[in-house]
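S.K.: The numbering used here numbers the first residue of the sequence shown as 351 and each following residue consecutively.
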Amino acid sequence: MTEKKPIIFSGIQPSGNLTLGNYVGALKNWVSLQDKYDCLFSLVDLHTITVRQDPKSFRSNCYDALAIYLAVGIDPIRHNVFLQSHVPAHTQLAWILNCYSYMGELSRMTQFKDKSKKNETNINVGLFSYPILMAADILLYGTNLVPVGADQKQHVEIARDLALRFNNIYGQVFAIPEVYHPPLGARLMSLQEPTKKMSKSDDNSSATIFLLDKPEDILNKFKRAVTDSDTEICFDIKNKPGVSNLLTILAVVTDRSVEEWTTQLQGSGYGKLKTATAENLIEFLRPMQKRYYQLRKDQEYLDSVLKQGAARAVDASQEILKKVYDVLGFIPTF
Ligand code: AQP
């Protein structure tokens, strides 16, 4: 009998082209953790509509993101790769968890505050209750580990709080998930405002590196990256956020330490740091981009991955959902 592995759940919103931040904060770690865990990697499309989407681009963004998942090395045979909207249990559990969540705790969420500022004309209830749906995503599968970037820490904490709250009343229903952040790059910063997170939806496209950016665009974005008026290359997030961000990217994509790069580039100036980061990133992305374009053309294959992922996730979602309904006293369906 094969030993049961601990469970990972994580997802990305197909709300646009995926970024280097999505890669370093999430995808890279999914790939490295997938040998030791049973994983559910979702395209969290229900979360995506908390901000208005153009239906046609939304659908195409879902396939783009799926092809990226596969191109970076996620194995869809061993693990579940699926669209959140294909598994109704996510919204079923989310409704129940709504009834165990408090307005006060949700209104403290940084992402809600940030996104409300960005979408002043559409501060919808979904934006507010986003962490509850995310808690449902996680708790539905008995998840043990949630690999995400630092910006999602608060949301995983809410999922833990809800699980503990529910278990305290009804007994051991949910596993208590742990958060996982990469040791380096848990929050990649904007290239234009390095005190702000690098984001898919930044109005300034120079601020963000997209995984499918062309080499010349990557080089130009790094050349224009904001640093500081000093000249010394050293890692100091508080006083030199721009330089520290570039060193982080350089270290992550070359699999070398920040210290090694700082020593190697000593006395070189920021120009050299920028071109070294751009050139190494371009080479790092090249094979992934090639795989992406091959996969993206194969609609039949992409659909087959989604079909198989959904069937397995629907199946896996039933056990805990049934348990929740049962402990709450709902009459089982006949
Ligand atoms: N800058 C980042 N550094 C490290 N990790 C990041 N993540 C996102 N940005 C960074 C991680 O990527 C995963 C998926 O995030 P998401 O797309 O579901 O939501 P988000 O955090 O809101 O990402 P964006 O890029 O900022 O999207 P938009 O612009 O649509 O709001 C998560 O694990 C996240 O931590």
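The beta-carbon is built from N, C-alpha and C at its ideal position, and this holds for glycine as well.
Can you tell which of I568, T460, Y675 and E455 has its C-alpha closest to the C-alpha of A500?
M.R.: Position 150 of the sequence shown, counted from the start, is the residue given in the question as residue 500. Ranking I568, T460, Y675 and E455 by Cα distance to A500 puts T460 first.
S.K.: Relative to the C-alpha of G476, which candidate in L534, I399, V498 and A439 has its C-alpha closest?
M.R.: Here the question's residue 476 lines up with position 126 in the sequence shown. Nearest of L534, I399, V498 and A439 to G476, Cα basis: I399.
S.K.: Taking the straight line between their C-alpha atoms, what separation do you get for E609 and T625?
M.R.: Counted from its first residue, the sequence shown places residue 609 at position 259. Counted from its first residue, the sequence shown places residue 625 at position 275. The straight-line gap from Cα to Cα measures roughly 18 Å.
S.K.: Ignore the nearest five residues each way along the sequence and tell me which others in K573's own chain have a CB closer than 7 Å to its CB.
M.R.: Along the sequence shown, one-based indexing puts residue 573 at 223. The residues are K624.
S.K.: With 16 as the cutoff for other CB atoms within 10 Å, does T493 come out buried or exposed?
M.R.: Looking up residue 493 in the sequence shown gives position 143. Classification of T493: buried, given that the 10 Å Cβ count is 16 or more.
S.K.: In chain order, which alpha helix (DSSP H) runs of at least 4 residues are fully inside the stretch 580-647?
M.R.: Those alpha helix (DSSP H) runs which fall completely within the stretch 580-647 and span 4+ residues are 591-604, 608-614 and 620-647.
S.K.: Return the CA-CA distance between L645 and L393, expressed in angstroms with no decimal places.
M.R.: Working through the sequence shown from its first residue, we reach residue 645 at position 295. Working through the sequence shown from its first residue, we reach residue 393 at position 43. Straight-line Cα distance between these residues: approximately 17 Å.
S.K.: Is there at least one non-hydrogen atom of the ligand AQP closer than 7 Å to the beta-carbon of R409?
M.R.: To locate residue 409, count along the sequence shown from 1; it is residue 59. Checking every heavy atom of the ligand AQP against the Cβ of R409, none is found closer than 7 Å.
S.K.: Sorted by chain position, which residues of the same chain lie with C-beta nearer than 6 Å to F560's C-beta, five sequence neighbours on each side aside?
M.R.: Translated into positions along the sequence shown, residue 560 becomes position 210. Answer for F560: N367 and T369, listed in chain order.
S.K.: Of the choices S382, Q384, D414 and L383, whose alpha-carbon is the least far from that of D395?
M.R.: For the purposes of this step, residue 395 is identified with residue 45 of the sequence shown, where counting begins at 1. Residue D414 is the option with its Cα nearest to D395.
S.K.: At a cut-off of 7 Å, is R537 close to the ligand AQP when judged by its beta-carbon and the heavy atoms of the ligand?
M.R.: Your numbering for residue 537 matches position 187 in the sequence shown. Flag set: Cβ of R537 near the ligand AQP.
S.K.: Heavy atom of the ligand AQP less than 7 Å from the Cβ of M484, yes or no?
M.R.: For the purposes of this step, residue 484 is taken as the residue at position 134 of the sequence shown. Checking the Cβ of M484 against the ligand AQP gives no.
S.K.: Just how far apart, CA to CA, sit K406 and D563?
M.R.: The count along the sequence shown starts at 1 and reaches residue 406 at position 56. The count along the sequence shown starts at 1 and reaches residue 563 at position 213. Cα to Cα, K406 sits roughly 21 Å from D563.
S.K.: Quick check: is any heavy atom of the ligand AQP less than 7 Å from the C-beta of G499?
M.R.: The residue labelled residue 499 in the question sits at position 149 within the sequence shown. Yes, the ligand AQP has a heavy atom inside 7 Å of this Cβ.
S.K.: Can you round the beta-carbon distance between C412 and P364 to whole angstroms, since I take them to be within the 8 Å contact cut?
M.R.: The sequence position of residue 412 within the sequence shown is 62, counting from 1. The sequence position of residue 364 within the sequence shown is 14, counting from 1. Right, the Cβ-Cβ distance comes to about 4 Å (below 8 Å), so this counts as a contact.
S.K.: What residue from D580, A601 and R606 has the CA that sits closest to S618's CA?
M.R.: Within the sequence shown, numbered from 1, the residue matching residue 618 stands at position 268. The shortest C-alpha separation from S618 is found at D580.
S.K.: Buried or exposed for G679, going by 16 or more other Cβ atoms inside 10 Å?
M.R.: Locating residue 679 in the sequence shown gives position 329, counting from the first residue. Exposed: under 16 other Cβ atoms inside 10 Å.
S.K.: Given a threshold of 16 other Cβ atoms within 10 Å of its Cβ, counted over all protein chains shown, does F684 qualify as buried or as exposed?
M.R.: Position 334 of the sequence shown, counted from the first residue, corresponds to residue 684. Exposed, by the Cβ-count rule.
S.K.: Between the beta-carbon of R641 and the beta-carbon of A485, is there less than 8 Å?
M.R.: Here residue 641 is taken as the residue at index 291 of the sequence shown, counted from 1. Here residue 485 is taken as the residue at index 135 of the sequence shown, counted from 1. Taking 8 Å as the Cβ cut-off, R641 and A485 do not qualify as a contacting pair.
S.K.: Do the CB positions of S667 and L490 come within less than 8 Å of each other?
M.R.: On the sequence shown, residue 667 is found 317 positions in, with the first residue counted as 1. On the sequence shown, residue 490 is found 140 positions in, with the first residue counted as 1. It is a contact, given that the beta carbons lie within the stated cut-off.
S.K.: What number of angstroms, rounded off, separates the C-alpha of V677 from the C-alpha of Q522?
M.R.: The residue labelled residue 677 in the question sits at position 327 within the sequence shown. The residue labelled residue 522 in the question sits at position 172 within the sequence shown. Each residue's alpha carbon lies about 10 Å from the other.
S.K.: Excluding five sequence neighbours on each side, which residues of the same chain lie with their C-beta closer than 6 Å to the C-beta of G659?
M.R.: As a working mapping, residue 659 is identified with position 309 in the sequence shown. Taken in chain order, the residues that qualify are N430, V431 and F432.
S.K.: Let me make sure I understand the geometry here. Which of F478, L483 and K467 has the alpha-carbon closest to that of G361?
M.R.: As a working note, residue 361 is residue 11 in the sequence shown. Out of F478, L483 and K467, L483 has the C-alpha closest to the C-alpha of G361.
S.K.: So does G371 have its beta carbon nearer than 7 Å to some heavy atom of the ligand AQP?
M.R.: For the purposes of this step, residue 371 is taken as residue 21 along the sequence shown, with counting starting at 1. Checking every heavy atom of the ligand AQP against the Cβ of G371, one is found closer than 7 Å.
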